[in-house]
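Novice: Following the working numbering, the numbering of the sequence shown begins with 21 at its first residue and continues without gaps.
Note that beta-carbon positions come from the ideal geometry of N, C-alpha and C, so glycine has one too.
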Amino acid sequence: MATRRIQNRPPSALQAEQKIAFALLVFLGFGGIIFGFRSFGSHLYRPIQQQFAKYYTGEDVVNPNAKDSKEIEEQKKKDTDIDGLSDYDELYVYKTSPYLRDSDSDATDDKTEVFAGTDPNCPVGKNCVSLGETANVDSTSPQDFLGSTPGNEAILQSGQLKFQNKEDVQKFFKAATATEIRAALIQSGVKKEEVDKISDEDLQKLFEQAIGQASAEGKFDSLTTGGASGSASATTETSKP
């Protein structure tokens, strides 16, 4: 009986090359699809990007301080309401609206009122004087107030009126009436017509604020004989025999 010989042949080199080629084809196929989609997207958006780049000039990247300075310079050159005053002057100098030619709506534009010496924020015929501009209570010294009445003036000149500390001085001044405060303001140089424009309530508030500031600035030091602490009230010294 004839025997059949089976020979073991080595793997064909061609088959291995075919596998590698197939793998490369698959890889290149998927790569072509992926890159094709990406290329399609870029071609789709390119006209839009070109138009955007044509008209967009960009914004300078600056720090906050430089940006503020740039805005201020622009405000100095800009006149939004076309009234002859720059936006900067209206905002920071005259306190008017940069968007309204006539901030107080009195039929006269802001520039005309500014150069005429009138208030561009106050309509003609109305009283718009603020309390801070009407009477500068801070300019009234303790000596001005104490000397506003004949009795206190005599005591002040004789040097008899003394306080133990600043707290006593503040209590003394806060007990003053509106009439006494008005007299002190007029004596210090404020016009009576201006003082009369302020109500008693507002005058008291302003005067109390001025007392606190005067005490902090040491304007009461010349009226005290003691230290910063203590609760003794004002006393009048009498001469000894």
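Do you know offhand how far residue 112's Cα is from residue 198's?
Specialist: Residue mapping note: residue 112 aligns to position 92 of the sequence shown, counting from 1. Residue mapping note: residue 198 aligns to position 178 of the sequence shown, counting from 1. Between residue 112 and residue 198, the C-alpha separation is close to 35 Å.
Novice: Within its chain, find whatever has a CB closer than 6 Å to the CB of residue 193; leave out the 5 residues flanking it on each side and keep chain order.
Specialist: Against the sequence shown, residue 193 aligns to sequence position 173. Correct list, in chain order: 231.
Novice: Nearest-angstrom Cα distance between residue 132 and residue 96?
Specialist: Here residue 132 refers to the residue found at position 112 of the sequence shown. Here residue 96 refers to the residue found at position 76 of the sequence shown. Cα to Cα, the separation comes out at about 19 Å.
Novice: Is it the case that the Cβ atoms of residue 134 and residue 108 are separated by a distance below 7 Å?
Specialist: For the purposes of this step, residue 134 is taken as the residue at position 114 of the sequence shown. For the purposes of this step, residue 108 is taken as the residue at position 88 of the sequence shown. Contact flag unset, no.
Novice: Based on Cα-Cα distance, which residue from 233, 235, 236, 200 lies nearest to residue 220?
Specialist: Counting from 1 along the sequence shown, the entry for residue 220 is found at position 200. Answer by Cα proximity: 200.
Novice: Assign residue 217 to one of three DSSP states: helix, strand, or coil.
Specialist: In the sequence shown, residue 217 corresponds to position 197, counting from 1. Coil.
Novice: With distances taken between CB atoms, is the gap from residue 139 to residue 129 smaller than 7 Å?
Specialist: The residue labelled residue 139 in the question sits at position 119 within the sequence shown. The residue labelled residue 129 in the question sits at position 109 within the sequence shown. Not closer than 7 Å, so no.
Novice: Determine the DSSP secondary structure at residue 144, reduced to helix, strand or coil.
Specialist: On the sequence shown, position 124 is the one that residue 144 refers to. Looking at residue 144 - three-state DSSP - the assignment turns out to be coil, as it is neither helix nor strand.
Novice: What is the DSSP secondary structure of residue 134, counted as helix, strand or coil?
Specialist: Within the sequence shown, numbered from 1, the residue matching residue 134 stands at position 114. DSSP places residue 134 in helix when its eight states are reduced to three.
Novice: Taking the continuous alpha helix (DSSP H) assigned at residue 206, which residues delimit it?
Specialist: For this step, residue 206 is matched to residue 186 along the sequence shown. Taken as a continuous stretch (DSSP letters only), the alpha helix (DSSP H) holding residue 206 covers 198–207.
Novice: Determine the direct distance from the alpha carbon of residue 188 to that of residue 110, and round the result to whole angstroms.
Specialist: Within the sequence shown, numbered from 1, the residue matching residue 110 stands at position 90. Within the sequence shown, numbered from 1, the residue matching residue 188 stands at position 168. Taking the straight line from one Cα to the other gives about 46 Å.
Novice: Whose C-beta lies closer than 8 Å to the C-beta of residue 224 among residues of the same chain, with five residues either side of it excluded?
Specialist: Here residue 224 refers to the residue found at position 204 when the sequence shown is read from its first residue. The answer, listed in chain order, is 198, 201.
Novice: Can you give me the Cβ contacts of residue 126 inside the same chain, cut-off strictly under 6 Å, excluding the 5 residues immediately before and after it?
Specialist: Locating residue 126 in the sequence shown gives position 106, where the first residue counts as 1. Excluding sequence neighbours, residue 126 sits near 143, 144.
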